[in-house]
Amino acid sequence: MVIFFRFCIILLLFCLLNPFLSAQNTVILKIKPEYKAYCKAHYIQISSFNDYFSSKNVVVNQLFPNAFIPDKKNNPFSNQIVDISTIYEFSCTSEHEAQEFIQNLSKLPETEYCHIKHYPELLYSPNDPGMGAQYYLTNIKAFQAWDIFKGDSSITIGIVDTGIELAHDDLWENLAYNLADPIDGLDNDGDGYLDNFHGWDLGNNDNSPEWSENLIGADAHGVFVTGMAAPKTNNATGIAGVAYKTRFLPIKITDSTGILTKAYEGIVYAADHGCKIINCSWGSTTPDDFGRDIVRYATYNRHCLVIAAAGNKGNTTNDVYYPAAYDEVMCVAATNQWDIKWNKSCYGPHVSV
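0 is the number of the first residue of the sequence shown in numbering that gives the first Met the number 0; add one for each residue after it.
Given below as C-alpha coordinates:
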(Lines of atoms letter the chains of each structure in order from A; the text may use other names.)
(Lines give C-alpha, C1' and ligand atoms only; values in the text may rest on other atoms or scores of the structure.)
Protein backbone atom coordinates (compact mmCIF):
# COMPACT_ATOMS: atom_id res chain seq x y z
CA MET A 0 0.00 0.00 0.00
CA VAL A 1 2.93 2.37 0.69
CA ILE A 2 4.15 1.87 -2.87
CA PHE A 3 0.71 2.65 -4.21
CA PHE A 4 0.43 5.92 -2.30
CA ARG A 5 3.91 6.98 -3.35
CA PHE A 6 3.54 6.52 -7.07
CA CYS A 7 -0.11 7.53 -7.09
CA ILE A 8 0.54 11.04 -5.83
CA ILE A 9 3.56 11.86 -7.98
CA LEU A 10 1.51 12.94 -10.98
CA LEU A 11 -0.86 15.17 -9.15
CA LEU A 12 1.42 18.19 -9.36
CA PHE A 13 0.27 21.35 -11.05
CA CYS A 14 1.56 24.89 -11.34
CA LEU A 15 -0.15 27.99 -10.01
CA LEU A 16 -1.53 30.60 -12.38
CA ASN A 17 -2.53 33.31 -9.88
CA PRO A 18 -1.83 33.52 -6.15
CA PHE A 19 -5.35 33.80 -4.67
CA LEU A 20 -8.61 35.65 -4.55
CA SER A 21 -10.29 36.94 -1.44
CA ALA A 22 -14.03 37.01 -1.04
CA GLN A 23 -13.66 40.46 0.51
CA ASN A 24 -17.26 40.54 1.73
CA THR A 25 -17.40 36.94 2.97
CA VAL A 26 -16.30 36.15 6.52
CA ILE A 27 -15.38 32.90 8.26
CA LEU A 28 -16.16 32.67 11.98
CA LYS A 29 -15.38 29.81 14.34
CA ILE A 30 -16.91 29.56 17.80
CA LYS A 31 -14.83 27.77 20.42
CA PRO A 32 -15.99 24.12 20.59
CA GLU A 33 -16.91 24.39 24.27
CA TYR A 34 -19.83 26.58 23.16
CA LYS A 35 -21.00 24.03 20.61
CA ALA A 36 -24.40 23.62 22.26
CA TYR A 37 -25.23 27.21 21.33
CA CYS A 38 -24.37 26.78 17.65
CA LYS A 39 -27.48 26.44 15.49
CA ALA A 40 -27.85 26.20 11.72
CA HIS A 41 -28.44 29.91 11.07
CA TYR A 42 -27.81 31.63 14.37
CA ILE A 43 -25.60 31.49 17.44
CA GLN A 44 -27.55 31.28 20.68
CA ILE A 45 -25.25 33.66 22.54
CA SER A 46 -26.65 37.14 23.06
CA SER A 47 -23.48 39.01 22.14
CA PHE A 48 -23.45 37.30 18.73
CA ASN A 49 -27.17 37.08 18.11
CA ASP A 50 -27.82 40.72 18.98
CA TYR A 51 -24.93 41.93 16.84
CA PHE A 52 -25.95 39.91 13.77
CA SER A 53 -29.59 40.96 14.18
CA SER A 54 -28.63 44.64 14.39
CA LYS A 55 -26.73 44.29 11.12
CA ASN A 56 -29.43 42.14 9.48
CA VAL A 57 -26.88 39.41 8.75
CA VAL A 58 -27.68 35.69 8.65
CA VAL A 59 -24.92 33.20 9.41
CA ASN A 60 -24.64 29.74 7.87
CA GLN A 61 -23.19 26.81 9.81
CA LEU A 62 -20.91 25.11 7.27
CA PHE A 63 -20.40 21.63 8.75
CA PRO A 64 -23.16 20.84 11.26
CA ASN A 65 -22.75 17.09 10.71
CA ALA A 66 -18.96 16.96 10.87
CA PHE A 67 -17.53 13.70 12.19
CA ILE A 68 -16.16 14.12 15.71
CA PRO A 69 -14.71 10.92 17.26
CA ASP A 70 -15.32 10.24 20.92
CA LYS A 71 -11.62 10.42 21.78
CA LYS A 72 -9.82 13.77 21.87
CA ASN A 73 -6.79 12.36 20.06
CA ASN A 74 -6.35 9.96 17.15
CA PRO A 75 -4.16 6.82 17.42
CA PHE A 76 -1.09 8.94 16.59
CA SER A 77 -1.80 11.38 19.45
CA ASN A 78 -2.92 14.15 17.08
CA GLN A 79 -5.72 16.27 18.48
CA ILE A 80 -9.12 15.76 16.86
CA VAL A 81 -10.56 18.87 15.19
CA ASP A 82 -14.15 20.07 15.68
CA ILE A 83 -15.24 22.01 12.59
CA SER A 84 -18.96 21.92 13.42
CA THR A 85 -18.78 25.40 14.98
CA ILE A 86 -17.54 27.12 11.82
CA TYR A 87 -19.84 29.69 10.20
CA GLU A 88 -19.81 31.74 7.02
CA PHE A 89 -21.65 34.98 6.36
CA SER A 90 -21.65 37.77 3.78
CA CYS A 91 -21.44 41.51 4.38
CA THR A 92 -22.50 44.43 2.20
CA SER A 93 -18.97 45.76 1.77
CA GLU A 94 -15.33 45.07 2.53
CA HIS A 95 -15.43 47.81 5.16
CA GLU A 96 -18.35 46.14 6.94
CA ALA A 97 -16.59 42.78 6.77
CA GLN A 98 -13.50 44.21 8.45
CA GLU A 99 -15.71 45.81 11.09
CA PHE A 100 -17.32 42.42 11.81
CA ILE A 101 -13.92 40.75 12.06
CA GLN A 102 -12.60 43.38 14.43
CA ASN A 103 -15.61 43.25 16.73
CA LEU A 104 -16.23 39.50 16.71
CA SER A 105 -12.57 38.68 17.32
CA LYS A 106 -12.82 40.47 20.67
CA LEU A 107 -15.59 38.19 21.97
CA PRO A 108 -14.36 35.47 24.35
CA GLU A 109 -16.36 32.75 22.59
CA THR A 110 -14.63 33.38 19.24
CA GLU A 111 -11.80 31.04 18.23
CA TYR A 112 -11.02 32.90 14.99
CA CYS A 113 -12.64 35.25 12.51
CA HIS A 114 -11.20 36.28 9.14
CA ILE A 115 -11.94 36.97 5.48
CA LYS A 116 -12.61 33.90 3.36
CA HIS A 117 -9.90 33.34 0.77
CA TYR A 118 -10.66 31.77 -2.61
CA PRO A 119 -7.69 29.85 -4.07
CA GLU A 120 -6.88 29.66 -7.77
CA LEU A 121 -6.56 26.64 -10.02
CA LEU A 122 -3.24 24.92 -10.53
CA TYR A 123 -2.16 23.74 -13.96
CA SER A 124 0.19 21.25 -15.55
CA PRO A 125 2.97 22.68 -17.72
CA ASN A 126 2.27 22.94 -21.43
CA ASP A 127 5.00 20.49 -22.33
CA PRO A 128 4.81 18.26 -25.43
CA GLY A 129 6.39 15.46 -23.40
CA MET A 130 3.30 15.35 -21.20
CA GLY A 131 1.44 13.65 -24.02
CA ALA A 132 3.99 10.85 -24.00
CA GLN A 133 3.44 10.37 -20.25
CA TYR A 134 7.16 10.50 -19.46
CA TYR A 135 6.25 10.64 -15.78
CA LEU A 136 5.25 6.99 -15.81
CA THR A 137 8.88 6.10 -16.45
CA ASN A 138 10.23 8.68 -14.01
CA ILE A 139 8.23 7.37 -11.09
CA LYS A 140 8.78 3.73 -12.08
CA ALA A 141 5.05 3.18 -12.48
CA PHE A 142 5.52 0.11 -14.66
CA GLN A 143 7.63 -1.61 -12.02
CA ALA A 144 5.13 -0.58 -9.36
CA TRP A 145 2.25 -2.05 -11.37
CA ASP A 146 4.09 -5.38 -11.41
CA ILE A 147 3.77 -5.33 -7.62
CA PHE A 148 0.43 -3.60 -7.12
CA LYS A 149 -2.12 -2.16 -9.53
CA GLY A 150 -4.11 -0.10 -7.09
CA ASP A 151 -7.24 -1.07 -5.22
CA SER A 152 -10.80 -0.48 -6.39
CA SER A 153 -11.85 -0.08 -2.75
CA ILE A 154 -9.68 3.04 -2.46
CA THR A 155 -11.18 6.32 -3.70
CA ILE A 156 -9.35 9.48 -4.69
CA GLY A 157 -11.32 12.65 -4.11
CA ILE A 158 -10.75 15.00 -7.07
CA VAL A 159 -11.61 18.39 -5.55
CA ASP A 160 -11.65 20.49 -8.69
CA THR A 161 -13.71 22.00 -11.54
CA GLY A 162 -15.70 18.88 -12.40
CA ILE A 163 -15.39 16.18 -15.02
CA GLU A 164 -17.07 14.77 -18.11
CA LEU A 165 -19.31 12.09 -16.64
CA ALA A 166 -19.57 10.23 -19.95
CA HIS A 167 -15.86 10.46 -20.80
CA ASP A 168 -14.73 7.22 -22.47
CA ASP A 169 -11.66 6.91 -20.27
CA LEU A 170 -13.19 8.04 -16.97
CA TRP A 171 -16.71 6.77 -16.37
CA GLU A 172 -15.71 3.19 -15.52
CA ASN A 173 -13.46 4.26 -12.63
CA LEU A 174 -15.90 6.69 -11.03
CA ALA A 175 -16.85 5.72 -7.48
CA TYR A 176 -20.62 5.64 -7.89
CA ASN A 177 -22.74 6.00 -4.76
CA LEU A 178 -25.05 3.02 -5.21
CA ALA A 179 -26.81 3.90 -1.94
CA ASP A 180 -28.29 7.04 -3.51
CA PRO A 181 -29.46 6.46 -7.09
CA ILE A 182 -30.99 9.34 -9.03
CA ASP A 183 -34.65 9.06 -8.04
CA GLY A 184 -35.44 12.37 -6.33
CA LEU A 185 -34.84 10.95 -2.84
CA ASP A 186 -31.94 11.27 -0.42
CA ASN A 187 -31.78 7.51 0.03
CA ASP A 188 -28.59 7.45 2.10
CA GLY A 189 -29.67 10.38 4.29
CA ASP A 190 -26.40 12.29 3.95
CA GLY A 191 -28.09 15.58 3.10
CA TYR A 192 -27.12 15.50 -0.59
CA LEU A 193 -30.00 14.59 -2.88
CA ASP A 194 -29.11 11.99 -5.54
CA ASN A 195 -25.33 12.32 -5.17
CA PHE A 196 -24.90 9.18 -7.24
CA HIS A 197 -21.80 10.34 -9.13
CA GLY A 198 -20.28 13.05 -6.94
CA TRP A 199 -21.45 16.55 -6.10
CA ASP A 200 -21.27 20.14 -7.30
CA LEU A 201 -20.64 22.20 -4.15
CA GLY A 202 -20.24 25.42 -6.10
CA ASN A 203 -23.80 25.26 -7.42
CA ASN A 204 -25.22 22.87 -4.79
CA ASP A 205 -26.51 20.19 -7.14
CA ASN A 206 -25.76 16.58 -8.04
CA SER A 207 -24.01 17.22 -11.35
CA PRO A 208 -20.22 17.64 -11.02
CA GLU A 209 -20.12 18.08 -14.78
CA TRP A 210 -17.70 20.49 -16.38
CA SER A 211 -19.38 22.61 -19.06
CA GLU A 212 -17.58 24.76 -21.60
CA ASN A 213 -20.73 26.89 -21.91
CA LEU A 214 -20.34 28.44 -18.45
CA ILE A 215 -18.54 31.74 -17.84
CA GLY A 216 -15.07 31.04 -16.50
CA ALA A 217 -15.45 27.31 -17.16
CA ASP A 218 -12.29 25.25 -17.10
CA ALA A 219 -11.64 21.61 -17.99
CA HIS A 220 -8.91 21.44 -15.36
CA GLY A 221 -10.75 18.78 -13.37
CA VAL A 222 -11.00 16.56 -16.44
CA PHE A 223 -7.23 16.70 -16.96
CA VAL A 224 -6.46 16.09 -13.29
CA THR A 225 -8.73 13.07 -13.19
CA GLY A 226 -7.27 11.83 -16.47
CA MET A 227 -3.78 11.77 -14.99
CA ALA A 228 -4.81 10.23 -11.70
CA ALA A 229 -7.43 7.58 -12.25
CA PRO A 230 -8.70 6.90 -15.77
CA LYS A 231 -9.47 3.34 -16.77
CA THR A 232 -6.15 1.68 -17.57
CA ASN A 233 -5.37 -1.22 -19.90
CA ASN A 234 -8.51 -0.56 -21.95
CA ALA A 235 -6.97 0.52 -25.27
CA THR A 236 -8.48 3.99 -24.76
CA GLY A 237 -6.92 7.36 -23.95
CA ILE A 238 -4.02 7.30 -21.49
CA ALA A 239 -2.87 5.15 -18.60
CA GLY A 240 -3.80 6.31 -15.13
CA VAL A 241 -1.17 6.15 -12.42
CA ALA A 242 -3.64 4.81 -9.87
CA TYR A 243 -4.71 2.05 -12.30
CA LYS A 244 -7.63 0.27 -10.57
CA THR A 245 -8.24 2.94 -7.94
CA ARG A 246 -11.52 4.82 -8.24
CA PHE A 247 -12.17 8.55 -8.04
CA LEU A 248 -14.95 10.78 -6.73
CA PRO A 249 -15.49 14.12 -8.51
CA ILE A 250 -16.25 17.06 -6.22
CA LYS A 251 -16.84 20.28 -8.15
CA ILE A 252 -15.91 23.39 -6.17
CA THR A 253 -16.41 26.19 -8.72
CA ASP A 254 -19.49 28.37 -8.96
CA SER A 255 -21.21 29.41 -12.20
CA THR A 256 -18.48 32.01 -12.85
CA GLY A 257 -15.57 29.62 -12.39
CA ILE A 258 -14.44 30.91 -8.97
CA LEU A 259 -13.34 28.25 -6.46
CA THR A 260 -15.88 29.24 -3.82
CA LYS A 261 -16.03 25.85 -2.06
CA ALA A 262 -12.44 24.63 -2.16
CA TYR A 263 -11.95 23.64 1.47
CA GLU A 264 -15.58 22.55 1.75
CA GLY A 265 -14.69 20.11 -1.02
CA ILE A 266 -12.03 18.55 1.18
CA VAL A 267 -14.63 17.97 3.89
CA TYR A 268 -17.06 16.43 1.40
CA ALA A 269 -14.37 14.08 0.11
CA ALA A 270 -13.31 13.07 3.62
CA ASP A 271 -16.91 12.50 4.73
CA HIS A 272 -17.72 10.40 1.66
CA GLY A 273 -15.07 7.73 1.90
CA CYS A 274 -12.12 9.22 0.02
CA LYS A 275 -8.78 8.20 1.50
CA ILE A 276 -6.71 10.32 -0.89
CA ILE A 277 -7.76 13.92 -1.56
CA ASN A 278 -6.19 15.82 -4.44
CA CYS A 279 -6.12 19.63 -4.33
CA SER A 280 -4.68 21.06 -7.54
CA TRP A 281 -5.21 24.62 -6.37
CA GLY A 282 -3.80 26.96 -3.76
CA SER A 283 -3.07 30.44 -2.47
CA THR A 284 -0.20 32.21 -0.76
CA THR A 285 -2.38 33.08 2.21
CA PRO A 286 -2.63 30.56 5.06
CA ASP A 287 -5.52 30.88 7.48
CA ASP A 288 -7.08 29.08 10.43
CA PHE A 289 -10.03 27.85 8.38
CA GLY A 290 -7.87 26.04 5.83
CA ARG A 291 -5.66 24.59 8.54
CA ASP A 292 -8.68 23.29 10.47
CA ILE A 293 -10.14 21.63 7.38
CA VAL A 294 -6.88 19.89 6.49
CA ARG A 295 -6.53 18.63 10.06
CA TYR A 296 -10.12 17.42 10.06
CA ALA A 297 -9.49 15.33 6.94
CA THR A 298 -6.18 14.04 8.27
CA TYR A 299 -6.82 13.49 11.98
CA ASN A 300 -10.56 12.84 12.13
CA ARG A 301 -10.96 10.96 8.84
CA HIS A 302 -7.45 9.51 8.32
CA CYS A 303 -7.11 10.87 4.78
CA LEU A 304 -3.99 11.71 2.79
CA VAL A 305 -4.31 15.27 1.47
CA ILE A 306 -1.93 16.16 -1.35
CA ALA A 307 -1.32 19.51 -3.05
CA ALA A 308 1.15 21.23 -5.38
CA ALA A 309 4.16 23.30 -4.41
CA GLY A 310 3.47 26.05 -6.99
CA ASN A 311 5.32 27.48 -9.98
CA LYS A 312 7.14 30.58 -8.78
CA GLY A 313 10.39 28.75 -8.13
CA ASN A 314 12.29 30.78 -10.72
CA THR A 315 11.07 34.15 -9.36
CA THR A 316 9.59 34.69 -5.91
CA ASN A 317 9.45 31.02 -4.84
CA ASP A 318 6.24 31.71 -2.92
CA VAL A 319 4.87 29.23 -0.41
CA TYR A 320 1.39 27.98 -1.30
CA TYR A 321 -1.42 26.55 0.79
CA PRO A 322 -2.82 23.98 1.43
CA ALA A 323 0.46 22.47 0.18
CA ALA A 324 2.54 24.01 2.98
CA TYR A 325 0.34 22.93 5.88
CA ASP A 326 2.20 20.37 8.00
CA GLU A 327 -0.39 17.65 7.42
CA VAL A 328 -0.35 17.91 3.60
CA MET A 329 1.88 15.99 1.22
CA CYS A 330 3.39 18.76 -0.91
CA VAL A 331 4.43 17.75 -4.43
CA ALA A 332 6.95 19.64 -6.55
CA ALA A 333 7.45 19.20 -10.31
CA THR A 334 10.21 17.58 -12.34
CA ASN A 335 10.80 17.58 -16.09
CA GLN A 336 11.09 14.66 -18.50
CA TRP A 337 14.70 14.11 -17.36
CA ASP A 338 13.51 13.80 -13.76
CA ILE A 339 15.24 17.06 -12.80
CA LYS A 340 13.45 19.80 -10.87
CA TRP A 341 11.37 21.86 -13.28
CA ASN A 342 12.86 25.34 -13.24
CA LYS A 343 9.55 27.00 -12.29
CA SER A 344 8.61 24.56 -9.55
CA CYS A 345 8.59 26.03 -6.06
CA TYR A 346 10.82 24.36 -3.53
CA GLY A 347 11.59 24.40 0.17
CA PRO A 348 11.53 22.31 3.35
CA HIS A 349 7.74 21.89 3.09
CA VAL A 350 8.04 19.88 -0.15
CA SER A 351 7.45 16.17 0.44
CA VAL A 352 8.22 14.70 -3.00
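All C-beta atoms in this analysis are idealised placements derived from N, C-alpha and C, irrespective of residue type, glycine included.
Based on Cα-Cα distance, which residue from Ser-84, Ile-80, Val-57, Thr-110 lies nearest to Ser-93?
Here residue 93 refers to the residue found at position 94 of the sequence shown. It is Val-57.
Decide if Tyr-176 is buried, meaning its Cβ has at least 16 other Cβ atoms within 10 Å, or exposed.
In the sequence shown, residue 176 corresponds to position 177, counting from 1. Around the C-beta of Tyr-176, fewer than 16 other C-beta atoms lie within 10 Å, and the residue is accordingly described as exposed.
Grouping DSSP H, G and I as helix and E and B as strand, with all else coil, what is Gly-282?
Counted from its first residue, the sequence shown places residue 282 at position 283. DSSP places Gly-282 in strand when its eight states are reduced to three.
Which runs of the alpha helix (DSSP H) fall wholly inside the region 172–244 and span at least 4 residues, in chain order?
Counting only runs that start and end inside the region 172–244, the alpha helix (DSSP H) elements of at least 4 residues fall at 220–228.
Proximal residues to Glu-286 (C-beta, below 6 Å), its chain only, five neighbours per side dropped:
Residue numbering aside, residue 286 sits at position 287 when the sequence shown is read from its first letter. Note that residue 286 is Pro in the sequence shown, not Glu. Answer for Pro-286: Tyr-321, listed in chain order.
Can you have a look at Gln-61 and say buried or exposed, based on whether 16 or more other CB atoms are within 10 angstroms of its CB?
Numbered from 1 along the sequence shown, position 62 holds the residue referred to as residue 61. So Gln-61 ends up on the buried side.
May I ask you to list the residues that DSSP assigns as paired with Tyr-87?
Taking the first residue of the sequence shown as 1, we reach residue 87 at position 88. As a beta-bridge residue in DSSP terms, Tyr-87 pairs with Leu-28, Gln-61.
What is the DSSP secondary structure of Asp-287, counted as helix, strand or coil?
Looking up residue 287 in the sequence shown gives position 288. If DSSP states are grouped into helix, strand and coil, Asp-287 belongs with coil.
Determine the burial state of Ala-308: buried for a count of at least 16 other Cβ atoms within 10 Å of its Cβ, exposed for fewer.
As a working note, residue 308 is residue 309 in the sequence shown. Per the 10 Å Cβ criterion, buried.
Quick test of your reading: Ala-269 and Ile-277, contact by CB under 8 Å. State the CB separation rounded to the nearest angstrom.
As a position in the sequence shown, residue 269 is number 270, starting the count at 1. As a position in the sequence shown, residue 277 is number 278, starting the count at 1. That pair is a contact at about 5 Å.
Cβ-Cβ separation, Lys-29 to Asp-318 (assumed contact under 8 Å), whole Å:
Stepping through the sequence shown from its first residue, residue 318 is reached at position 319. Stepping through the sequence shown from its first residue, residue 29 is reached at position 30. Their Cβ separation, rounded to whole angstroms, is 26 Å, which puts Asp-318 and Lys-29 out of contact at 8 Å.
Nearest by alpha-carbon distance to Glu-109: which of Ser-211, Glu-264, Phe-223, Lys-35 is it?
Residue numbering aside, residue 109 sits at position 110 when the sequence shown is read from its first letter. Of the listed residues, the one whose Cα sits closest to Glu-109 is Lys-35.
Is Glu-99 closer than 8 Å to Ile-27 when the C-beta atoms are compared?
Here the question's residue 27 lines up with position 28 in the sequence shown. Here the question's residue 99 lines up with position 100 in the sequence shown. No; because the gap between Cβ atoms is not below 8 Å, this pair is not in contact.
In its own chain, which residues sit with a C-beta less than 6 Å from the C-beta of Pro-32, not counting the 5 before and 5 after it?
As a first step, residue 32 must be located in the sequence shown, where it is residue number 33. These residues qualify, in order along the chain: Asp-82, Thr-85.
If we ignore side chains and look at the alpha-carbon of each, how far apart do Val-328 and Asn-74 end up?
To locate residue 328, count along the sequence shown from 1; it is residue 329. To locate residue 74, count along the sequence shown from 1; it is residue 75. Using only the alpha carbons, I get a separation of about 17 Å.
Just grab the DSSP bridge partners of Leu-304 for me.
As a first step, residue 304 must be located in the sequence shown, where it is residue number 305. Leu-304 is bridged to Ile-276.
Could you spell out where the beta strand (DSSP E) holding Phe-148 opens and where it closes?
One-based indexing of the sequence shown puts residue 148 at position 149. Per DSSP, Phe-148 is not a residue of any beta strand (DSSP E), being assigned neither H nor E.
Around the Cβ of Ala-166, are there at least 16 other Cβ atoms within 10 angstroms (buried) or fewer (exposed)?
Within the sequence shown, numbered from 1, the residue matching residue 166 stands at position 167. By the 10 Å Cβ count, Ala-166 comes out exposed.
Whose C-beta lies closer than 7 Å to the C-beta of Pro-230 among residues of the same chain, with five residues either side of it excluded?
Walking along the sequence shown from the start, residue 230 turns up at place 231. Only Asp-169, Leu-170, Asn-173, Gly-237, Ile-238, Gly-240 meet the Cβ criterion.
Cut-off 6 Å between Cβ atoms - residues of its own chain near Ser-356, not counting five sequence neighbours on either side:
The structure shown has nothing for residue 356, since the chain only spans 0 to 352.
Return the residue from the list Glu-164, Thr-225, Lys-312, Ala-228 that minimises the CA-CA distance to Gly-282.
Mapped onto the sequence shown, residue 282 falls at position 283. Residue Lys-312 is the option with its Cα nearest to Gly-282.
Give the single residue among Gly-162, Val-224, Glu-212, Ala-333 whose Cα lies nearest to the Cα of Gly-202.
Within the sequence shown, residue 202 is the residue found at index 203, counting from 1. Among Gly-162, Val-224, Glu-212, Ala-333, the Cα nearest to that of Gly-202 belongs to Gly-162.
Asp-160 versus Gly-221 - alpha carbon distance:
Counted from its first residue, the sequence shown places residue 160 at position 161. Counted from its first residue, the sequence shown places residue 221 at position 222. Counting only the Cα atoms, Gly-221 lies some 5 Å from Asp-160.
Contacting residues, own chain, Cβ-Cβ under 7 Å from Ile-354 (five flanking each side not counted)
There is simply no residue 354 to check, as the chain begins at 0 and stops at 352 in what is shown.
What residue range is occupied by the uninterrupted alpha helix (DSSP H) comprising Ile-266?
Indexing the sequence shown from 1 puts residue 266 at position 267. For Ile-266, the enclosing alpha helix (DSSP H) has its first and last residue at 262–271.
Could you check the C-alpha separation between His-41 and Tyr-51 for me, to the nearest Å?
Position 42 of the sequence shown, counted from the first residue, corresponds to residue 41. Position 52 of the sequence shown, counted from the first residue, corresponds to residue 51. Put simply, the backbone Cα of His-41 is about 14 Å away from that of Tyr-51.
For Phe-247: DSSP bridge partner residues:
Position 248 of the sequence shown, counting from 1, holds the residue named residue 247. Note: Phe-247 sits in a beta bridge opposite Ile-156, Leu-174.
Return the chain-ordered list of same chain residues with a C-beta closer than 8 Å to the C-beta of Asn-234, the five sequence neighbours on each side being excluded.
Here residue 234 corresponds to residue number 235 of the sequence shown, with the count starting at 1. Cβ within range, chain order: Asp-169, Glu-172.
Please go through the same chain and pick out, in chain order, the residues whose beta-carbon is closer than 8 Å to the beta-carbon of Trp-145, but skip the five residues on each side of it.
The residue you call residue 145 lines up with position 146 of the sequence shown. Closer than 8 Å at the Cβ level, and outside the excluded window around Trp-145, lie Tyr-243.
Three-state secondary structure assigned by DSSP to Leu-121:
Working through the sequence shown from its first residue, we reach residue 121 at position 122. Correct three-state label for Leu-121: strand.
Counting only runs of 3+ residues fully inside the region 327–352, write out the beta strand (DSSP E) ranges in chain order.
Whole beta strand (DSSP E) segments, 3+ residues: 329–331.
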